[in-house]
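J.:
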Amino acid sequence: MPRVDFRNTAIAFERKSKKQLKETARLFKIMNSSFLVNLGSNLTLFALKINMPINGIIKRTIFKQFCGGATFNECRETIKELADYQVETILDYGAEGKESNAAFDITVEESIKSVRFAAEHDTVNVVSCKITGLVSNGLLEKVSAQKQLNQKETDDYNRMLARLDTICKEAHQLKVALFIDAEESWMQDAIDQATDLMMERYNKNYVTVYNTYQMYRHDRLDFLKKSFELAKEKKYILGAKLVRGAYMEKERQRAKDMSYPSPIQPDKKSCDNDYNAAVKFCVDNYEKISSCVASHNEFSTLYQLQLMDEMNIPKKHKHFNFCQLYGMSDNLTFNLAKAGYNVAKYVPYGPVRDVIPYLIRRAKENSAVDTEVSRELRLIRKELKRRKK
Ligand SMILES: Cc1cc2nc3c(=O)[nH]c(=O)nc-3n(C[C@H](O)[C@H](O)[C@H](O)COP(=O)(O)OP(=O)(O)OC[C@H]3O[C@@H](n4cnc5c(N)ncnc54)[C@H](O)[C@@H]3O)c2cc1C
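If you read the sequence shown in this note's numbering, its first letter stands for residue 2, the second for the next number, and so on.
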């Protein structure tokens, strides 16, 4: 077995002072309560609606924990801090749910700026990209449902492809990779089609574009295999970012409300089985698949290490990557980095107001069921206890 000890909180939190750890513990303690998280989320959304000045308090607390900064300049410090520990940065422009052509053009500009910024920084080699920032959700849904588009919708769809192509082309030229995020299932087919097209264009000699495969869906392991067949047929390298998925409750609720079978796995175990099978599939085909284990799950991460070890794959092989979200699972990130693997943090940035939906998702993900203490809080407490000795 590879020797990476994810229980080593001394390495995980080396860069944090005791004061910082205590502050983080306080934040996670609040987030540990699903009651407070729901209350806080609703109050935040309400305060934003009535233009209450809440940016300051958000920025000093949850934003500081999960985001790199409001601007590139603010992110520089975060990037340097991570780079000091051999951790790379994946820039993620956090704005979501925009619905106008002007806003979509801003996303393109912002993505191009991110790509150029990445090209100038040694430890920023990937930028994440949300197709939902390039076109309306309604249109993605209509394309995914294979409904007939009218002329305006066809034009809008083609504009989305052109926007995406502009970003991919720039990234390809500057040798920066792009992770295309996965979204709700009712929009995902359109995203997959557009991403396949970009992979065909820009993944011939080296990998620029990665699609995201959500293993909480029961059809995604099959889809990953089909994507690989397509890549082989069209002679490109598949870029595969493996995740479990962020919208489980919403997916289940919609399926229930609209009386169709849920696309989500029946239970966590099935989700984990498919995730780990996907990890294995990517390792087995690593010459033609470049993958990223984008997860906070310790077992899946160890499993990837074990498979790499068994196949004598060098730790720094460019087709093997790990990634965690900024502000979470430092025990995985910093221990992997110390052991010499390719590991990055997903670092969202953007104006406070724009990243609020992302922050609410992070808070909900960290709120534990009943009295269970969240993974993050447990680790911080362990480290504080260790430093007391
Ligand atoms: C770098 C990075 C990028 C990401 N990008 C995306 C993205 O583009 N799109 C996206 O949707 N998600 C994305 N995610 C995933 C998401 O945001 C959560 O972080 C992830 O779902 C948590 O899973 P985990 O692998 O860390 O492991 P764990 O904490 O072990 O798993 C928790 C996850 O398992 C699944 N799950 C839990 N209970 C059940 C159940 N009863 N039945 C079925 N499944 C269950 C859910 O997906 C849940 O979130 C990303 C994650 C990372 C780390």
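Virtual Cβ for every residue (Gly too), placed ideally from N, Cα, C. In this text the structure is predicted, and so the values were computed from the model without any measurement.
Could I get the ranges of all uninterrupted beta strand (DSSP E) runs contained in the region 273 to 339, with 3 residues as the minimum, in chain order?
T.: With a minimum length of 3 residues, the continuous beta strand (DSSP E) runs that stay inside the region 273 to 339 are 290 to 295 and 321 to 326.
J.: Measuring alpha carbon to alpha carbon, tell me which of 233, 380 and 358 ends up nearest residue 63.
T.: Minimum Cα distance to residue 63 is reached at 358.
J.: Report, in whole angstroms, the separation of the C-beta atoms of residue 165 and residue 116, which I expect to be a contact under 8 angstroms.
T.: 13 angstroms between Cβ atoms; not a contact.
J.: When you compare only the Cα positions, how much space is there between residue 155 and residue 258?
T.: Their Cα atoms are separated by approximately 29 angstroms.
J.: Between the region 210 to 221 and the region 261 to 273, are three or more C-beta pairs nearer than 8 angstroms?
T.: The region 210 to 221, when compared against the region 261 to 273, does touch it at the 8 angstroms Cβ threshold.
J.: Per DSSP, what are the beta-bridge partners of residue 425 in this structure?
T.: Outside the shown range of the chain, which is 2 to 390, sits residue 425, and nothing can be said about it.
J.: Could you give the distance in angstroms between the alpha-carbon of residue 168 and the alpha-carbon of residue 388?
T.: Distance between the alpha carbons of residue 168 and residue 388: 46 angstroms.
J.: For residue 68, which beta-bridge partners are listed by DSSP?
T.: Residue 68 pairs with nothing; no bridge assigned.
J.: Hey, is residue 213 close to ligand 1, as in C-beta under 7 angstroms from one of its heavy atoms?
T.: Flag set: Cβ of residue 213 near ligand 1.
J.: Counting only runs that start and end within the region 107 to 138, where is the beta strand (DSSP E) found for 3 or more residues in a row?
T.: Qualifying beta strand (DSSP E) stretches, in chain order: 127 to 130.
J.: In the region 168 to 217, which residue ranges form an unbroken beta strand (DSSP E) of at least 3 residues, counting only runs that do not cross its ends?
T.: Whole beta strand (DSSP E) segments, 3+ residues: 178 to 181 and 210 to 215.
J.: Kindly indicate which residue of 157, 275 and 207 has the alpha-carbon position closest to the one of residue 245.
T.: Residue 245 has its Cα closest to that of 275, out of 157, 275 and 207.
J.: Using CA coordinates, which residue listed in 185, 278 and 138 is at the minimum distance from residue 100?
T.: The residue with the shortest Cα to Cα distance from residue 100 is 138.
J.: Pick from 322, 315, 346 and 183: whose alpha carbon is nearest that of residue 330?
T.: With distances taken between Cα atoms, residue 330 lies closest to 346.
J.: I'd like to confirm something about residue 163: is its beta-carbon nearer than 7 angstroms to some heavy atom of ligand 1, or not?
T.: Flag unset: Cβ of residue 163 not near ligand 1.
J.: How far does the alpha helix (DSSP H) with residue 380 in it reach, from first residue to last?
T.: 376 to 389 is the span of the alpha helix (DSSP H), which, as asked, contains residue 380.
J.: Could you pull out every unbroken beta strand (DSSP E) segment of at least 3 residues lying fully inside the region 209 to 259, listed in chain order?
T.: Complete beta strand (DSSP E) runs here, min 3: 210 to 215 and 239 to 244.
J.: What I want to know is whether the C-beta of residue 295 ends up closer than 7 angstroms to one or more non-hydrogen atoms of ligand 1.
T.: Yes, the Cβ of residue 295 comes within 7 angstroms of a heavy atom of ligand 1.
J.: So what does residue 350 bridge to, in DSSP terms?
T.: Answer is 70 and 94.
J.: Going by DSSP, name the residue or residues bridged to residue 265.
T.: The partner list for residue 265 (beta bridge, DSSP) reads 218.
J.: Grouping DSSP H, G and I as helix and E and B as strand, with all else coil, what is residue 35?
T.: Here residue 35 sits in helix by DSSP.
J.: Going by C-alpha to C-alpha distance, which of 188, 328, 278 and 332 sits closest to residue 25?
T.: Closest option to residue 25, Cα to Cα, is 328.
J.: Which one of 209, 385, 302 and 278 has the shortest CA to CA distance from residue 4?
T.: Ranking the options by Cα distance to residue 4, first place goes to 302.
J.: Starting from the Cα of residue 131, find the closest Cα among 212, 236 and 273 and give me that residue.
T.: For the residues 212, 236 and 273, the minimum Cα distance to residue 131 belongs to 212.
J.: Looking at ligand 2, does it come within less than 7 angstroms of residue 265, judged from the CB to the closest heavy atom?
T.: Because ligand 2 does not appear in the structure shown, any question about it cannot be addressed here, the ligands present being ligand 1.
J.: Return yes when the Cβ of residue 71 is within less than 8 angstroms of the Cβ of residue 352, no when it is not.
T.: Cβ atoms of residue 352 and residue 71: closer than 8 angstroms.
J.: Going by the C-beta, is residue 251 closer than 7 angstroms to any heavy atom of ligand 1?
T.: No, Cβ of residue 251 sits at least 7 angstroms from all heavy atoms of ligand 1.
J.: Give a yes or no on whether 8 angstroms exceeds the smallest Cβ distance from residue 102 to chain B.
T.: The chain labelled as chain B is not found in the depicted structure, where only one protein chain is given.
J.: For a quick check, are the C-beta atoms of residue 375 and residue 33 less than 8 angstroms apart?
T.: Cβ distance < 8 angstroms, so residue 375 and residue 33 count as in contact.
J.: Taking the CB atoms as reference points, tell me whether residue 338 and residue 86 lie closer together than 8 angstroms.
T.: Result yes, Cβ atoms of residue 338 and residue 86 sit closer than 8 angstroms.
J.: Is the CB-CB distance between residue 9 and residue 336 below 8 angstroms?
T.: Cβ atoms of residue 9 and residue 336: closer than 8 angstroms.
J.: So for residue 8, helix, strand or coil by DSSP?
T.: Residue 8: coil per DSSP, three-state reduction.
J.: Take residue 326 and list the residues in its own chain whose beta-carbon comes closer than 6 angstroms to its own, dropping the five residues that flank it on each side.
T.: The answer, listed in chain order, is 347.
J.: Quick check on the DSSP output: the alpha helix (DSSP H) that includes residue 59 runs from which residue to which?
T.: Where residue 59 is concerned, the enclosing alpha helix (DSSP H) stretches over 56 to 59.
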